[in-house]
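What follows is a single structure, written as structure tokens, with notes after it.
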Amino acid sequence: MELWDMPVKDILEHISSGEISATEVLEHYLHAIREKDSQVNALIEVLEPMARMDASRVDALLREGQSPGALAGLPVAVKDNICVKGAGCTSGSKIMENWVSPYDATAIKRLRDRGAIIIGKTNMDEFAMGSSTETSAFGITKNPWDLTRVPGGSSGGSAAAVASGMAPLALGTDTGGSIRQPASFNGICGLKPTYGLVSRYGVTAYASSLDTVGPFGETVWDCALLLEAIAGHDPMDATCALREAVAYTKRLDGSVEGLRVGVPRELLHGVAAPVKAQFHNTLSAMENMGMIVEETGLPSLAYGVEAYYAIASAEASSNLARFDGVRFGRRAAADTLDEMYTRSRGEGLGREVIKRILLGTFVLEPGNKDRYFMQAARVRTLIKREFEKAFENFDLIVSPASPDVAFKIGDRIRDPLTMYLADLITIPVNMAGVCALSMPMGFVDCGGSTLPCGLQIIGKPFDEPTVLRAGHCLEQEIGAGIREEMRNMRRKLGPVRECELVD
Amino acid sequence: MRIDVRRIAQIARIDLDPQDEEAMARELELILARMDKLLELDVEGVPPTFALGEGTLEPAEDLPHESLCRELVMECAPSVHDGYFKVPRESQGV
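Each protein sequence line maps, in turn, to chains G and D. The first sequence: position 155 = 156 (our numbering), numbered continuously. The second sequence: position 47 = 438 (our numbering), numbered continuously.
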């Protein structure tokens, strides 16, 4: 088997057994980036020297017979709103274009402590505000399945990097669907962990009560591996739960028979017919595996988008006040302090970000706060309660991960309301703080392209083990065809270096 | 709902492109009109949710610990003088 097509589990085993070095694995992926990223634009920065040093260190430890950790030599691409010491952290914004992080985020420290190699920083919607990666100040990322389409967002660069074979694993952030929707558009898996399971220390804050950090991988096992490395309490983040990481990869096998699965009608609203057809096929597969699937109703989920945009914008208007040209980032020339603030922010922030800051400032104004922000915060309670009630009857709740497949670049950027409303399916999960997996469930033929679509499996707070187990078992049933399509897409995208291993 | 976008931009300390003011106001008004849908729901007596999860939300213990390297932090600043962040000296207020 060749390296470009090898499961992460096998790459890890080959590195540990010395059949291939961490440096060889890294060079393979750096080569893939050189070959493919000119088409895809998934990466804002490739950390070549740093990654080579880290890979050499892993190889040296292995030669000495020491264990470099559970992720020894595995390259990981990281969304550019997560701090990596010595690398830029633009958050997709030109206001942070030349800033270099003086520290590692907790998630990065944990990856490095386990021998992972941070290969690069991935493109994203500016400050994670978007669903297409079109609002990045560093160019649009293209969907590797069809380069005229978006990869989704805001973690579009991370998802496209994994799908196109430029990195085996990636980290993203999810505030309203920013891991799950791009995972769906790219035919890979992505997990939005329960709020508080993964530390947010060192992650650029967008909406602090909704932001989460999570993994991308080609398979559910890959996501479980990355999650068990980054999860667990961190004293540097007061919102982090007092829980330790679970060995998620060891809890993937087991029976799913008898699991009760709810399908809320509200999350099927506006779903395109071909995606709905794939979803119903998937429900049939789940039933054949012994899961008990039942339709249900969660009426307040229909209000999730409106409540989200009030809350997220309000929090963003406060969080992004720090980008003022004083301590870091871009500073505009100005004679007075006020001019410096307003010009630095006006010149440095993109239009979508400015719009959300203005919206947040408006909904927090004394005359407007009750009508918008407080009303939204109360609706959030209703959403949370409905999930709690639903989980009394169901182990899992499922829906498509997005109402449609990847759309054409430019199609929705001038119609923000349509773009916002498409997040209806993913947003309630962040509002309630529960966990959810996005995994490929099939393909849709669209305008001459074969495009993936994803399934969302929602679980109770901190019940990632059940979500991942259901996803893993389902993958065994429906995953073979998806993996074959992925191989074909990668072959079409560009040449891959042959790297045969000796059996 | 009409929105005075110039005034809001001033509060948010953002220099807004005057040519974009009208389009921006229109887009915000559309979103706010959509948000009015929230008023359909009866939330009388429902407490608001501002934060989630099991986080301690406790202040950290007041103990010394390693903090960020001062030199590295200052290196990232747009302008420094004698170990301080340097800014223009006057403020006109709003």
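We treat Cβ as the ideally placed atom computed from N, Cα and C, and that holds for glycine.
Bridge partner(s) assigned by DSSP for residue i
{"i": "Phe475 of chain D", "result": "Per the sequence shown, the amino acid found at residue 475 of chain D is Tyr instead of Phe. DSSP output for Tyr475 of chain D lists D:His472 as bridge partner(s)."}
{"i": "Asp147 of chain G", "result": "G:Asn144"}
{"i": "Val445 of chain G", "result": "G:Leu452"}
{"i": "Pro401 of chain G", "result": "G:Leu456"}
{"i": "Val26 of chain G", "result": "Answer by DSSP bridge pairing: none, since Val26 of chain G is not bridged."}
{"i": "Ala437 of chain G", "result": "G:Lys193, G:Ile459"}
{"i": "Lys409 of chain G", "result": "G:Arg150"}
{"i": "Gly89 of chain G", "result": "G:Val101"}
{"i": "Gly1 of chain G", "result": "Because chain G in this structure spans residues 2 to 504, residue 1 of chain G falls outside the shown range and cannot be described."}
{"i": "Thr337 of chain G", "result": "In the DSSP output, where bridge partners are listed per residue, Thr337 of chain G has none listed."}
{"i": "Val204 of chain G", "result": "G:Ile83"}
{"i": "Val199 of chain G", "result": "G:Ala232"}
Local conformation of residue i per DSSP, three classes
{"i": "Arg404 of chain D", "result": "coil"}
{"i": "Gln67 of chain G", "result": "coil"}
{"i": "Asp235 of chain G", "result": "coil"}
{"i": "Lys493 of chain G", "result": "helix"}
{"i": "Cys460 of chain D", "result": "coil"}
{"i": "Cys190 of chain G", "result": "strand"}
{"i": "Ser319 of chain G", "result": "helix"}
{"i": "Ala248 of chain G", "result": "coil"}
{"i": "Leu302 of chain G", "result": "helix"}
{"i": "Val380 of chain G", "result": "helix"}
{"i": "Lys370 of chain G", "result": "coil"}
{"i": "Ile394 of chain D", "result": "coil"}
{"i": "Val257 of chain G", "result": "coil"}
{"i": "Glu295 of chain G", "result": "strand"}
{"i": "Phe329 of chain G", "result": "coil"}
{"i": "Phe388 of chain G", "result": "helix"}
{"i": "Phe128 of chain G", "result": "helix"}
{"i": "Gly218 of chain G", "result": "strand"}
{"i": "Thr240 of chain G", "result": "coil"}
{"i": "Thr213 of chain G", "result": "strand"}
{"i": "Ile399 of chain D", "result": "helix"}
{"i": "Ile83 of chain G", "result": "strand"}
{"i": "Thr427 of chain G", "result": "coil"}
{"i": "Ile180 of chain G", "result": "coil"}
{"i": "Arg480 of chain D", "result": "coil"}
{"i": "Thr343 of chain G", "result": "helix"}
N-terminal and C-terminal residue of the alpha helix (DSSP H) that residue i is part of
{"i": "Gly361 of chain G", "result": "352-364"}
{"i": "Gln279 of chain G", "result": "274-289"}
{"i": "Val163 of chain G", "result": "157-164"}
{"i": "Pro438 of chain D", "result": "Where Pro438 of chain D is concerned, there is no enclosing alpha helix (DSSP H), given that its DSSP letter is neither H nor E."}
{"i": "Asp11 of chain G", "result": "9-18"}
{"i": "Leu112 of chain G", "result": "107-114"}
{"i": "Glu418 of chain D", "result": "412-426"}
{"i": "Thr419 of chain G", "result": "417-422"}
The beta strand (DSSP E) enclosing residue i, as first and last residue numbers
{"i": "Lys516 of chain G", "result": "Because chain G spans 2 through 504 in this model, residue 516 of chain G falls outside it and cannot be assessed."}
{"i": "Ala171 of chain G", "result": "170-175"}
{"i": "Glu46 of chain G", "result": "44-47"}
{"i": "Lys122 of chain G", "result": "118-123"}
Partners in chain C for residue i, counting only beta-carbon separations shorter than 9 Å
{"i": "Glu457 of chain D", "result": "Looking for chain C here will not work: the only protein chains present are G and D."}
- [ ] Pull out every residue of the stretch 404-430 of chain D whose Cβ sits closer than 7 Å to any Cβ of chain G, in chain order.
- [x] Arg404, Ile405, Asp406, Leu407, Met415, Glu418, Leu419, Leu421, Ile422, Arg425, Met426, Lys428, Leu429, Leu430
Task: Validate contact between the stretch 334-345 of chain G and the stretch 143-154 of chain G using beta carbons, cut 8 Å, 3 pairs - done: no
- [ ] Check each residue of the stretch 325-347 of chain G: if its Cβ is closer than 9 Å to any Cβ of chain D, include it; give the result in chain order.
- [x] Asp325, Gly326, Val327, Arg328, Phe329, Gly330, Arg331, Arg332, Ala333, Ala335, Asp336, Thr337, Leu338, Asp339, Glu340, Met341, Tyr342, Thr343, Arg344, Ser345, Arg346, Gly347
Task: Interface positions of the stretch 80-113 of chain G facing chain D (Cβ-Cβ less than 8 Å), listed along the chain - done: Trp100, Val101, Pro103, Tyr104
Open item on the list: For the stretch 370-403 of chain G, list every residue whose C-beta sits within 8 Å of some C-beta in chain D, in sequence order.
Closed with: Arg372, Tyr373, Met375, Gln376, Ala377, Ala378, Arg379, Val380, Arg381, Thr382, Leu383, Lys385
Open item on the list: Residues of the stretch 217-242 of chain G in Cβ contact with chain D at a cutoff of 7 Å, in chain order, please.
Closed with: Pro236, Ala239, Thr240, Cys241, Ala242
TODO: Please name the residues in the stretch 186-211 of chain G whose beta-carbon is closer than 9 Å to at least one beta-carbon of chain D, in chain order.
DONE: Thr195, Tyr196, Gly197, Leu198, Ser209, Ser210, Leu211
- [ ] Check whether the stretch 442-456 of chain D touches the stretch 391-399 of chain G, counting contact only when three or more Cβ pairs, one atom from each stretch, lie closer than 8 Å.
- [x] no
- [ ] Inspect the CB distances between the stretch 419-439 of chain D and the stretch 302-310 of chain G and report whether three or more fall short of 8 Å.
- [x] yes
Open item on the list: Please identify, using Cβ separations under 7 Å, the residues of the stretch 425-437 of chain G that lie next to chain D, in order along the chain.
Closed with: Gly434
Open item on the list: Check whether the stretch 274-286 of chain G and the stretch 415-429 of chain G are in contact - that is, three or more C-beta pairs closer than 8 Å.
Closed with: no
Open item on the list: Against chain D, which members of the stretch 407-426 of chain G pass a CB distance test of less than 7 Å?
Closed with: Pro417, Leu418
Task: the stretch 32-52 of chain G in contact with the stretch 106-123 of chain G per 3-pair CB rule at 8 Å - done: yes
Open item on the list: Any contact between the stretch 73-87 of chain G and the stretch 161-177 of chain G? By contact I mean 3 or more CB pairs, one from each, below 8 Å.
Closed with: yes
Open item on the list: Whether or not the stretch 154-165 of chain G and the stretch 47-67 of chain G are in contact is what I'm after, with contact meaning three or more pairs of Cβ atoms, one per stretch, closer than 8 Å; do they touch?
Closed with: no
TODO: Tell me, please, whether the stretch 172-190 of chain G touches the stretch 215-224 of chain G by the rule of three or more beta-carbon pairs shorter than 8 Å.
DONE: yes
- [ ] Would you check if there are 3 or more beta carbon pairs closer than 8 Å linking the stretch 422-431 of chain G to the stretch 365-382 of chain G?
- [x] no
Task: Near-chain D residues of the stretch 351-363 of chain G (beta-carbon distance less than 9 Å), N- to C-terminal order - done: Arg352, Ile355, Lys356, Ile358, Leu359, Leu360, Gly361, Thr362, Phe363
Task: contact_flag[the stretch 246-262 of chain G, the stretch 225-237 of chain G] where n(CB pairs < 8 Å) is 3 or more - done: yes
Task: Contact residues within the stretch 435-448 of chain D, judged by C-beta distance below 7 Å to chain G - done: Val437, Pro438, Pro439, Thr440, Phe441, Ala442, Leu443, Gly444, Glu445, Gly446, Thr447, Leu448
TODO: Say whether the stretch 399-410 of chain G touches the stretch 180-193 of chain G, bearing in mind that this needs 3 or more beta-carbon pairs closer than 8 Å, one atom from each stretch.
DONE: yes
Task: the stretch 433-445 of chain D in contact with the stretch 295-303 of chain G per 3-pair CB rule at 8 Å - done: no
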